[in-house]
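Asker:
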Amino acid sequence: MEPFMKPPLEMNFSTTEQLSLSERWRRWKETMQLYLGLNMSKASEKEQCAAFRYVIGQDGRDIYNTMKFTEAQTHKIDVLFAKFDEYCEPRRNTIMERYKFNTRVQRHDETADQYVTELKLLAKNCNFGSLEDELIRDRVVYGIKSKRVRERLLRERELTLDKALEVCQINEQSEEQLKVLNDVQSVKAIGKHNKSGNYRNKLDANRRRDCKHNGGNKQEHQEQVSCCGKCHPAKECPAFGKKCFKCDKKNHFAKFCKSKKIHAVDKASTDDEPLFIGAVNSIHNEENVFKTLSIEGNEIKFKIDTGSQANIIPLPTFEKMRLKQTRLERPTAKLTSYTGDYLPVVGECNLKCNNKTLKFFVVKTGQVPIIGLKASQELNLIKIIMNVNNVIGQSAETIHEKFPKVFQGLGCLKNPYHIKVDPTITPVVSPLRSTPVALRERLRSSLDDMEEKGVVEKVDGPTEWVNSTVIIEKPNSDKLRICLDPRPLNEAIKREHFKMPTIEEITTRVAGARVFSKLDANHGYWQIPLDEESRLLTTFNTPFGRYCYKRMPFGIKSAQEVFQKRMCQSFRDLEGAETHVAWSINGEVHRRKRSKK
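In structure tokens form, the structure reads like this:
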């Protein structure tokens with residue numbers, strides 16, 4: 001007994017459908033042929049033709065009645081399909097079909113598999129012949145929505161359609177995985193930051209519920225109106241005709257404005273680039289520079305911050321000034337600190353400062369007022385020295401001759417660094433990433449060079465951690481830069497939290513200096529050795545086997561702080577030396593200091 005399968009739906013011959021008639025017929029025909037093959041394979045052709053006319057629907061039967069058949073064709077199922085082929089699939093214009101193919105690009109919500117499938121369907125009507133796969137491959141490269149993936153595909157010397165599809169699939173999987181990881185971190189941050197906002201939302205919901213339950217009959221029923229937040233009949237809103245101070249539109253209060261429903265920190269958001277603020281703190285030490293300025297007749301003590309691009313007045317200070325004639329405007333820029341955090345800006349205004357009109361941002365913090373770089377120059381509070389003369393450059397050869405070992409090869413500091421990890425985090429073994437054939441020999445050469453210098457060594461035994469690598473071609477050079485991609489490992493590494501000096505701190509300490517030297521640590525991080533246990537944590541895979549770092553690699557999240565700490569320890573006994581610059585008041589003193597280490 002043949003299996004019973006549900007017949008397809010009636011064929012839709014309407015001209016208002018989004019899909020073309022030929023495409024709808026192709027899909028219906030394929031389903032109908034499957035139905036006949038499964039349910040009526042043993043039936044006569046006369047019965048199959050009758051089933052065809054029944055299932056196709058009334059519109060299809062009307063079209064059938066207009067067709068002409070010979071006596072021999074009357075009960076032939078293949079002839080019946082062919083007649084409807086002629087009706088639903090008019091003669092194709094190859095030029096137009098190729099135009100559709102060549103202008104087809106990947107849509108925003110379309111995966112690589114879906115895009116390639118659509119291209120293959122379009123290519124069937126283009127008569128490409130033996131070049132079909134190559135032209136589909138070219139269309140994938142031109143039409144893929146990701147610019148980064150397109151560049152990756154263009155680097156392949158012998159790119160096939162299957163290889164192009166594989167690269168696109170890997171990229172989509174990586175983006176999905178990163179999106180999941182980023183969403184988890186964002187949810188944690190938002191949940192921690194918006195507790196008070198959630199509480200206010202619950203109160204608003206309770207108010208709306210109370211208003212709804214307290215209503216009487218239908219005529220007296222009151223609801224909370226979103227324009228004012230109060231309970232009253234909808235036509236008696238007190239906000240009607242009132243102007244919103246936030247968006248300048250009418251019929252609602254600023255508290256309930258929907259133009260941008262975000263938290264107070266983001267009220268300063270605009271489409272402009274954020275202004276950078278060097279530091280906002282209340283620590284008064286000898287290294288900070290302060291100046292008392294007259295603001296609209298008020299004596300205010302400002303901190304001079306040459307790293308700041310804006311002038312700041314804290315809200316408590318602004319309120320004490322009692323400037324009744326001054327109105328705060330909407331901020332035209334966002335303010336960020338050197339840590340990347342946005343400052344909660346209340347507004348901005350122009351104030352008279354020592355006979356100069358300056359723009360000030362009022363922020364919702366209780367810290368010190370700040371005068372920025374541009375305003376400091378306008379008020380003649382600082383002087384910028386734009387040139388540095390190379391007066392003792394010829395003494396570099398003398399230094400090289402006096403300390404030859406210091407300037408040869410790759411240096412190595414004492415006391416190997418031990419990478420501390422959180423034992424509760426599960427180790428990750430990252431898969432090997434494919435390396436272009438054109439780069440393999442150069443990669444092998446770079447690995448051999450690093451192994452010869454003592455930077456890496458081969459690993460044969462099993463390791464709990466295996467990291468991926470990123471290979472970058474150096475500009476204007478045949479060499480490669482091999483970078484560790486330790487993102488899973490960074491989740492487990494414990495930082496040392498060593499304070500990094502700011503530009504402001506350094507410039508304050510070198511005030512008055514006139515002679516400078518720059519010492520560049522060759523491959524800085526590589527000068528710090530790793531202990532045996534830490535080396536295995538940096539194991540990475542390559543097409544030529546696994547390696548691990550013997551020196552501290554770039555990429556691990558503790559590297560910057562560890563390097564800064566070691567440099568500070570090395571130069572802490574040397575007067576007039578920063579980890580960034582060595583300085584003196586004159587050449588003779590400078591040469592004497594420089595020779596101590």
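Under UniProt numbering, think of the first position of the sequence shown as 1, with each following residue one higher.
Beta carbons: idealized from backbone N, C-alpha and C, even for Gly.
Taking Cβ positions, are A375 and N311 nearer each other than 7 Å?
Answerer: Result yes, Cβ atoms of A375 and N311 sit closer than 7 Å.
Asker: Give me the DSSP bridge partner(s) of T485.
Answerer: Checking the displayed sequence, the identity of residue 485 turns out to be Asp instead of Thr. BP columns for D485 point to S468.
Asker: For the alpha helix (DSSP H) that F361 lies in, which residues bound it at each end?
Answerer: That residue, F361, is in no alpha helix (DSSP H); its beta strand (DSSP E) goes 356-363.
Asker: Suppose you measure from the CA of S434 to the CA of L537; what does that come to, to the nearest Å?
Answerer: If I take the Cα positions, the gap works out to 22 Å.
Asker: Is N541 near L379, with beta carbons less than 7 Å apart?
Answerer: Result no, Cβ atoms of N541 and L379 do not sit closer than 7 Å.
Asker: Taking C-beta to C-beta, are I482 and I556 nearer than 7 Å?
Answerer: Their beta carbons are not under 7 Å apart, which means I482 does not touch I556 by this criterion.
Asker: If distances are taken between C-alpha atoms only, which option among V455, M500, E23 comes closest to C568?
Answerer: Checking every option, the nearest Cα to that of C568 belongs to M500.
Asker: In whole angstroms, give me the CA-to-CA distance for S14 and R26.
Answerer: Using only the alpha carbons, I get a separation of about 15 Å.
Asker: Could you give the distance in angstroms between the alpha-carbon of D113 and the alpha-carbon of I370?
Answerer: Roughly 56 Å between the two C-alpha positions.
Asker: Compare the Cα-Cα distances from S20 to each of C88, L530, L9, N355 and report the closest residue.
Answerer: Cα-wise, what sits closest to S20 is C88.
Asker: Ordered along the chain, which non-local residues of its own chain (more than five positions away) have a Cβ less than 6 Å from that of T306?
Answerer: Cβ within range, chain order: L373.
Asker: Classify T424 as buried or exposed, calling it buried when 16 or more other Cβ atoms lie within 10 Å of its own Cβ.
Answerer: It counts as exposed.
Asker: What are the start and end residues of the beta strand (DSSP E) that includes F516?
Answerer: Unbroken beta strand (DSSP E) run through F516: 515-517.
Asker: Report buried or exposed for I95, applying the criterion of at least 16 other Cβ atoms within 10 angstroms of its Cβ.
Answerer: Burial call: exposed.
Asker: In whole angstroms, what separates the C-alpha of F498 from that of K550?
Answerer: Going by the C-alpha atoms only, they are around 23 Å apart.
Asker: By DSSP, does I77 sit in helix, in strand, or in coil?
Answerer: I77 falls in the helix class under three-state DSSP.
Asker: For the 8 Å Cβ check, are there 3 or more pairs between the region 409-418 and the region 326-340?
Answerer: Taking 8 Å as the limit for Cβ pairs, the verdict is that the region 326-340 does not touch the region 409-418.
Asker: With DSSP collapsed to three states, give me the class of E561.
Answerer: If DSSP states are grouped into helix, strand and coil, E561 belongs with the helices.
Asker: To the nearest angstrom, how far is the alpha carbon of F360 from that of G347?
Answerer: In a straight line, the C-alpha of F360 is about 9 Å away from that of G347.
Asker: Excluding the 5 residues preceding and the 5 following V455 in the sequence, name in chain order all residues of the same chain whose CB lies nearer than 7 Å to its CB.
Answerer: Here the set comprises W526, Y549, K550, R551.
Asker: Given N490, which residues of its chain have a CB within under 7 Å of its CB, disregarding the five upstream and five downstream residues?
Answerer: So the list reads I556, K557, once near-sequence residues are dropped.
Asker: From V362 to R322, what distance separates their C-alpha atoms?
Answerer: Approximately 14 Å between the Cα atoms of the pair.
Asker: By DSSP, does R546 sit in helix, in strand, or in coil?
Answerer: It is a strand residue.
Asker: Between V368 and N476, what straight-line distance do the alpha-carbon atoms span, to the nearest angstrom?
Answerer: Cα-Cα distance, rounded: 48 Å.
Asker: Using a threshold of 7 Å, state whether the C-beta atoms of residue 599 and Q48 are closer than that.
Answerer: Coverage of the chain is limited to positions 1 through 597, which leaves residue 599 absent and any answer about it impossible.
Asker: Specify the secondary structure class of G555 as computed by DSSP and reduced to three states.
Answerer: Reduced to three states, the DSSP call for G555 is coil.
Asker: For my contact list, D133 and L161 are in at a C-beta cut-off of 8 Å; report their separation, rounded to the angstrom.
Answerer: Their Cβ separation, rounded to whole angstroms, is 5 Å, which keeps D133 and L161 in contact under 8 Å.
Asker: Could you spell out the range, first to last residue, of the beta strand (DSSP E) harbouring K458?
Answerer: First-last of the beta strand (DSSP E) with K458: 456-459.
Asker: In this structure, how does DSSP classify F128 when only helix, strand and coil are distinguished?
Answerer: Three-state DSSP puts F128 in coil, outside helix and strand.
Asker: Measure the C-alpha to C-alpha separation of residue 643 and R152 and round it to an integer number of angstroms.
Answerer: No information on residue 643 is available, as it lies outside the stretch 1 to 597 that the chain covers here.
Asker: For L9, is the classification buried or exposed, using 16 other Cβ atoms within 10 angstroms of its Cβ as the cut-off for buried?
Answerer: Classification of L9: exposed, given that the 10 Å Cβ count is below 16.
Asker: Here's the rule: buried if 16 or more other CB atoms are within 10 angstroms of the residue's CB, otherwise exposed. What is A438?
Answerer: Burial call: exposed.
Asker: Does V429 come out as helix, strand or coil in the three-state DSSP assignment?
Answerer: Three-state DSSP puts V429 in a strand.
Asker: Using only alpha-carbon positions, find the residue among K334, V345, T332 that is nearest to F318.
Answerer: Ranking K334, V345, T332 by Cα distance to F318 puts V345 first.
Asker: Using beta-carbon positions only, say whether A164 and V140 come within less than 7 Å of one another.
Answerer: For A164 and V140, yes; Cβs fall inside 7 Å.
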